[in-house]
Amino acid sequence: MERSKVYFTDFRTKLGEGLPSKLKRLIKAAGIEQIDMENKLVAIKMHFGELGNLGFLRPNYAKAVADIVKELGGKPFLTDCNTLYPGSRKNALEHLECAWENGFTPLTVGCPVLIGDGLKGTDDIVVPVKGGEYIKEAKIGRAIMDADIFISLTHFKGHEMTGFGGAIKNIGMGCGSRAGKKEQHNNGKPHIIEQKCRGCRRCQRECANDGLIFDKEKKIMSINLDNCVGCGRCLGACNFDAIEFTNYAASKDLNCRMAEYAKAVVEDRPCFHISLIVDVSPNCDCHSENDAPILPNLGMLVSFDPLALDQACVDMCLTAHPLSGSQLTDNMSKPEFVDHHDHFINSTPESEWRSCLEHAEKIGLGSRQYEMIVIK
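Position 97 of the sequence shown, counted from 1, bears residue number 97 in our numbering, the numbering being contiguous throughout.
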């Protein structure tokens, strides 16, 4: 397979040029103007950060991307989909308030902020996965699929399950609706937490398979395991976090499903991808806290190929020196430490990332072979 081009610049700045301006210059050097954006709707997918977390990308970077889209005649909007877990981003109202509190408003980013899968995370569209082995049809936030052009803006960091969170995770997991996230994360069927169930029956209206049974005397919902297909629609409908899935997929299954979801998002439309290796926290920005960075700030990378971008980012990280006082160096100082010669696995030994990139290449998401082009 032909090598993909990945463009890189570091975080050094010259007098009079800030990092947002340098990011703009990098994006233009990579040839984003090749995409016809005139009067096109452009989704810019990023993570707004959970409340309490300060490791997410600053709104200034999002504004730099939106500014370029507008310069090219496009109509950008910043977007993410609701979370599977209870938190400050599980429905559009709380998600938007979280985004605003973390600094993402139309004033600060220069474009509208939309939640891709609607009010309760149930506004999705079924998208075929060409060549999918784990997923035949992905459930993607409707607003993201309605966009003419897709841009991913990724905070490259560690992750407690997938080793690192890069472009493929930002796209695949991030663009899945609540039901789509469930499909990637979990095997099996849900159960009801009885003490949380209010008997509102909202979940039952979302079930197309008679998978929910309401006890009129106890006023509590239960699962009909014979009829339930494990689609996750009920989870998105519940306002009280009374429904959960606990049969979590193994890391390899999660990684492969995530790659297939990413392929569904980017297939057959113009795309561009941006990753910033900055504030490399050991865990996802979905946490309500961020631990000290495990690696130094390495730079900004962009590509038309999300797989090549992830490969280039992880390669840079693996050759970097760990930062003292971090989860990574704490682990390395333990008497029982086993060196995996991999900063992400040394930081979180139960995580695994290689299967994601291997499967992404297998299904044709992109190439792991790349040419690095340095922009000063």
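All residues carry an ideal CB built from backbone N, CA and C; glycine is no exception.
None of these values were measured; they are calculated from a predicted model.
Check: Which residues bound the alpha helix (DSSP H) around ALA308?
Finding: 306 to 318
Margin query: On the DSSP letters alone, give me the boundaries of the beta strand (DSSP E) that MET300 sits inside.
Written below: 299 to 303
Notebook entry, point to check: In its own chain, which residues sit with a C-beta less than 8 Å from the C-beta of SER355, not counting the 5 before and 5 after it?
Noted result: SER251, LYS252, ASN255 and CYS256
Notebook entry, point to check: Does DSSP put ASP36 in a helix, in a strand, or in coil?
Noted result: Here DSSP, grouped into helix, strand and coil, assigns ASP36 to coil.
Item checked: C-beta atoms of THR7 and VAL129 nearer than 9 Å -> The residue you asked about is not Thr; residue 7 is Tyr in the sequence shown. No. Outside cutoff.
Check: Just curious, the beta strand (DSSP E) that THR154 is in, first and last residue?
Finding: Boundaries of the beta strand (DSSP E) around THR154: 149 to 159.
Margin query: For GLU336, tell me which candidate among SER326, GLY325 and PRO349 has the shortest Cα-Cα distance.
Written below: PRO349
Notebook entry, point to check: In or out: ALA208 buried (at least 16 other Cβ within 10 Å) or exposed?
Noted result: exposed
Margin query: Considering only their Cβ atoms, is the gap separating LEU57 from VAL276 smaller than 9 Å?
Written below: Looking at the sequence itself, residue 276 is Leu, so the reference to Val does not match. Cβ atoms of LEU276 and LEU57: closer than 9 Å.
Check: Given LEU72, which residues of its chain have a CB within under 8 Å of its CB, disregarding the five upstream and five downstream residues?
Finding: Cβ within range, chain order: ILE32, GLU33, ILE35, MET37 and GLU38.
Next item on the list: Could you pull out every residue in the same chain whose Cβ sits closer than 8 Å to the Cβ of LEU114, ignoring the five residues on either side in sequence?
Entry: PHE77, LEU78, THR79 and ALA143
Next item on the list: In angstroms with no decimal places, state the Cα-to-Cα distance between HIS273 and ILE171.
Entry: Roughly 10 Å between the two C-alpha positions.
Note to self: Between the segment 300 to 307 and the segment 362 to 373, can you find at least three pairs of beta-carbon atoms closer than 8 Å?
What the structure shows: As far as the Cβ criterion goes, the segment 362 to 373 touches the segment 300 to 307, which means the pair count is three or higher.
Notebook entry, point to check: In three-state DSSP terms, what is PHE344?
Noted result: helix
Notebook entry, point to check: Between which two residues does the beta strand (DSSP E) containing VAL6 stretch?
Noted result: 4 to 9
Item checked: CA nearest to the CA of CYS200, picked from LYS189, PRO190 and LEU212 -> Looking at the Cα atoms, LEU212 is the closest of the given residues.
Next item on the list: Provide the residue(s) that pair with LEU213 in DSSP beta bridges, ordered along the chain.
Entry: It is worth fixing the name first, because residue 213 is Ile in this sequence and not Leu. Beta-bridge pairing links ILE213 to SER222.
Check: Do the segment 6 to 24 and the segment 40 to 55 touch if we need at least three Cβ pairs shorter than 8 Å?
Finding: Counting Cβ pairs under 8 Å, fewer than three are found: no touch.
Item checked: Nearest residue (CA-CA) to CYS197, options ILE223, CYS175, ALA30 and GLN184 -> ILE223
Checklist line | Proximity below 9 Å, CB of GLY180 to CB of GLY118 | finding: no
Check: For THR79, which three-state DSSP category applies?
Finding: strand
Check: Can you tell me whether DSSP reads GLY378 as helix, strand or coil?
Finding: Lying before the first or after the last residue shown, residue 378 is absent from the chain, which here runs from 1 to 376.
Check: Under a three-way DSSP split, which group does ALA64 fall into?
Finding: Three-state DSSP puts ALA64 in a helix.
Note to self: With a threshold of 6 Å on Cβ separation, who are the neighbours of GLY121 within its own chain once the five nearest residues in sequence on each side are excluded?
What the structure shows: ASN82, SER177, ARG178 and GLY236
Next item on the list: Over the uninterrupted alpha helix (DSSP H) stretch that includes MET372, give me the two end residues.
Entry: First-last for MET372: 370 to 374, but that is the beta strand (DSSP E), not the alpha helix (DSSP H).
Next item on the list: Since I believe ILE125 is in contact with MET145 (beta carbons under 8 Å), could you give me their beta-carbon distance rounded to a whole number of angstroms?
Entry: 5 Å
Notebook entry, point to check: How is PRO349 classed by DSSP in three states: helix, strand or coil?
Noted result: coil
Notebook entry, point to check: Going along the chain, which residues of its own chain have a beta-carbon closer than 6 Å to the beta-carbon of CYS271, five neighbours each way excluded?
Noted result: PHE150
Check: Given a threshold of 16 other Cβ atoms within 10 Å of its Cβ, counted over all protein chains shown, does ALA30 qualify as buried or as exposed?
Finding: buried
Notebook entry, point to check: Just curious, the beta strand (DSSP E) that ASP124 is in, first and last residue?
Noted result: 124 to 128
Margin query: Could you tell me the alpha carbon to alpha carbon distance between ALA62 and PRO112, rounded to whole angstroms?
Written below: 11 Å
Item checked: Cutoff 8 Å; reference PRO190; Cβ partners in own chain excluding five residues on either side -> Cβ contact annotation for PRO190 (same chain, cutoff 8 Å, sequence separation greater than five): ILE223, CYS228, GLY230, GLY232, CYS234, LEU235, ILE243, GLU244 and PHE245, in chain order.
Note to self: Can you list, in chain order, the residues of its chain with a C-beta nearer than 8 Å to that of ASP67? Leave out the 5 residues immediately preceding and following it.
What the structure shows: LYS24 and GLY110
Notebook entry, point to check: Taking buried to mean at least 16 other C-beta atoms within 10 Å of its own C-beta, is LYS157 buried or exposed?
Noted result: buried
Item checked: Simplified DSSP state of LEU41, which is helix, strand or coil -> strand
Check: From what residue to what residue does the alpha helix (DSSP H) around LEU15 run?
Finding: Taken as a continuous stretch (DSSP letters only), LEU15 belongs to no alpha helix (DSSP H), as it is neither H nor E.
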